[in-house]
Structure formats: C-alpha cells, structure tokens
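Numbering-wise (the working numbering), the sequence shown opens with residue 604 and increments by one.
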Amino acid sequence: MRGRPSVLILAAIGTALVVGAAGVLNLDDSADGSTRPTSASARPMGPNGAATPGPGTVVGHDGAIPGIGSVMMAKVPRAARQAIVVTGIDRDANINSVMLWQRAGTRSPWVSFGAPMTGRNGANGWTGAHHEGDLRSPIGVFSLTAAGGRLPDPGSALPYEYQPSFYQTAAPQGEPLADAFNYVVAIDYNRVPGRPPSDPSRPLGDQVGGDIWLHVDHQAPTRGCVALTQDTLVSVMRWLSPQAHPMIIMGDVADLSADV
604 MRGRPSVLIL AAIGTALVVG AAGVLNLDDS ADGSTRPTSA SARPMGPNGA ATPGPGTVVG
664 HDGAIPGIGS VMMAKVPRAA RQAIVVTGID RDANINSVML WQRAGTRSPW VSFGAPMTGR
724 NGANGWTGAH HEGDLRSPIG VFSLTAAGGR LPDPGSALPY EYQPSFYQTA APQGEPLADA
784 FNYVVAIDYN RVPGRPPSDP SRPLGDQVGG DIWLHVDHQA PTRGCVALTQ DTLVSVMRWL
844 SPQAHPMIIM GDVADLSADV
C-alpha cells in the first residue's frame, strides 16, 4: 500500500538454516552463481541452483509445495522454480510462518531451502478482497519481478530501481519510516509486472489498493505488505532469480491449503 508502516519480524526456527544474532538469513553466492546456506550443514545444490535433499529438508510430492492445496498450486506458473510461502494461522492473524522453496526444473519436486521463519503481515490479518486502507494483506499467488530502494543495489538479481527521492516520500506525513524502504521487492498485486516499484500504475484501480511490497522491517504493524530484517531481505534479493520466475504464495493456512 502507498505509505504503509510495515513490519515482518523474521526469526529463524529450526536448525536447517543458520541465522545470525540479528536474525540474518545467511546465503552465499557459489562459484556457479547459485546460492546456499553458509553453515556446517549447508547442502549441495542440484541442477539450476535447486537444493538437493539434506538434514531438515522437506521435499514436496505430486508437483505441489507441502501445505499448498490445489486451488493455490493451480495459480503457480509451470515455469516457476522459486517460491516464498507466507502462512498465517487464520484470517485474523498478523503472525505468520515464512518458508523458501525451490526446484531444479518444472517437473522436479519442490524442495525447502532453509528452516521455517516467523514474521508478521497486515495488522488486521488476511483477506481475499483487499481494498485500500483495510490493514489486511491480500491472499493469493503473485510474481516477484522487480526490486528497488533508497539505497544502491545490494546485488539484487531482479531489475533494481535506485530512487532515493521516491522512497523517502512514500510514507504519510508524520509516520517515521526512515529505513523501511532501504530495499524493496515489489509483490505483483495490482501492478504491472516487471515495472519498477515506483511505477504508479494500478490496473485494477485504486480501490483495491496496491504497493504491496517485501521491504525492510520497521518494527510496526503493516498496512498490507510483508517486511523482513534488512540483512535478511538483502539475502533473499540475492537468492531470487528472474530465470526461476519467482512467486510469493501468501495467506492464511485454510485458504492456502484449500483443494477444489
């Protein structure tokens, strides 16, 4: 949403992913351009950068991501090989679980990348009919095609828009969001995929909201977006690959797990 205060307090749980003292998702670029956890338990990467099974790894079956039902999986493009899943316990929850998934090819199983993490979404939870100002995050499957921020490109694989003036004025007057827009990844809800985050186009109209982003945790409730600690967001931005057609699948557990 335009000018929304935002937060997703991202803390690692489990042991498959090393998380630093500040909750940092530790990923290193490998010699072949893929990414992997920087830990003693780091597992080897398969073809096209997908993780091969290792300790703590969860592998999907029948072409589905575990916990995602046929309704949502039908919305995931065949070409997608990376996904971020954000799941709340119910529609009123603003605490959620975040998991990264990837696969080697379009017919390969989805494999978890790291451990589950906890965070927050919209202050009032989730909705299947998002509108401007409802303080709820939209439920659905959305592509991730552009990044940007008020700071220079930290090494994003997605196209990056460096535009300090836009992000400094994005918050409503009086709302202290100084660092929230240091880095953002645009979630393609009511926007034109591939255009920079600052693009004002809203194909479905202003009434259904927009400017739903992954951005830097500001230690405050969100107005519909998802926020990560800055170091974690930078790591995720380096992990996301345009060639893998990354998606974000977000909502409450009942909606995400629904079958036809």
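Even glycine gets a Cβ: it sits at the ideal position worked out from N, Cα and C.
Keep in mind it's a predicted model, so treat the numbers as computed, not measured.
{"Asked": "At least 3 beta-carbon pairs within less than 8 Å: the region 750-766 vs the region 720-730", "Found": "no"}
{"Asked": "Residues of its chain near glycine 812, where Cβ-Cβ distance is below 7 Å and the 5 sequence neighbours each way are ignored", "Found": "Met604, His733, His734, Glu735, Asn793, Gly827"}
{"Asked": "Whole beta strand (DSSP E) elements within the region 722-763, 3-residue minimum", "Found": "743-752"}
{"Asked": "Contact between the region 699-714 and the region 756-768 (3+ Cβ pairs under 8 Å)", "Found": "no"}
{"Asked": "Assumed close pair isoleucine 852, leucine 859 - CB separation to whole angstroms, cut-off 8 Å", "Found": "7 Å"}
{"Asked": "Proximity to tyrosine 786 [Cα-Cα], best of Asp855, Ala667, Thr835, Arg706", "Found": "Thr835"}
{"Asked": "Minimum length 3: unbroken beta strand (DSSP E) runs contained in the region 802-845", "Found": "816-819, 829-831"}
{"Asked": "Integer Cβ distance of arginine 706 from arginine 739, believed to fall under 8 Å", "Found": "With 8 Å as the limit, arginine 706 and arginine 739 do not qualify as a contact, their Cβ atoms being about 30 Å apart."}
{"Asked": "Min CB distance serine 700 to chain C below 8 Å", "Found": "Among the chains in the structure shown there is no chain C, since it carries only a single protein chain."}
{"Asked": "When Asp802, Trp729, Asp737 are compared against valine 689, the one with the closest alpha-carbon", "Found": "Trp729"}
{"Asked": "Supposed close pair methionine 676, alanine 686 - CB separation, criterion 8 Å", "Found": "About 10 Å separates the two Cβ atoms, so there is no contact after all."}
{"Asked": "Alpha-carbon to alpha-carbon, threonine 832 and serine 838", "Found": "10 Å"}
{"Asked": "Per-residue burial, alanine 847 [other beta carbons within 10 Å of its own, 16 or more giving buried]", "Found": "buried"}
{"Asked": "Coarse secondary structure for histidine 686, derived from DSSP in three states", "Found": "Correcting the residue identity first, residue 686 is alanine in this sequence and not histidine. DSSP places alanine 686 in strand when its eight states are reduced to three."}
{"Asked": "Neighbour-count burial assignment, proline 800, 16 or more Cβ in a 10 Å radius", "Found": "buried"}
{"Asked": "Cβ neighbours of glycine 731 in the same chain (closer than 6 Å, five flanking residues each side left out)", "Found": "Ile742"}
{"Asked": "From Ala861, Asp862, Gly854, Val863, residue whose alpha carbon lies closest to that of aspartate 695", "Found": "Gly854"}
{"Asked": "DSSP state of valine 546 mapped onto helix, strand, coil", "Found": "Residue coverage of the chain in this structure runs from 604 to 863, which leaves residue 546 outside it and unanswerable."}
{"Asked": "Beta bridge counterpart(s) of valine 788 as assigned by DSSP", "Found": "Ala750, Leu817"}
{"Asked": "Residues near leucine 747 in its chain [Cβ-Cβ closer than 8 Å; skip 5 each side]", "Found": "Ile687, Leu761, Val788, Ala789, Ile790, Asp791, Leu817, Leu843, Pro849, Met850, Ile851"}
{"Asked": "Per DSSP, the bridge partner or partners of methionine 676", "Found": "Answer is none; methionine 676 lacks a bridge partner."}
{"Asked": "Valine 662 beta carbon less than 8 Å from that of valine 714", "Found": "yes"}
{"Asked": "Terminal residues of the beta strand (DSSP E) in which serine 700 lies", "Found": "698-705"}
{"Asked": "6 Å Cβ shell around threonine 709 - same chain, five flanking residues per side excluded", "Found": "Arg681"}
{"Asked": "Closest by C-alpha distance to serine 759, when choosing among Ala857, Gly670, Pro845", "Found": "Pro845"}
{"Asked": "Residue burial classification, aspartate 737 (beta-carbon count within 10 angstroms, cutoff 16)", "Found": "buried"}
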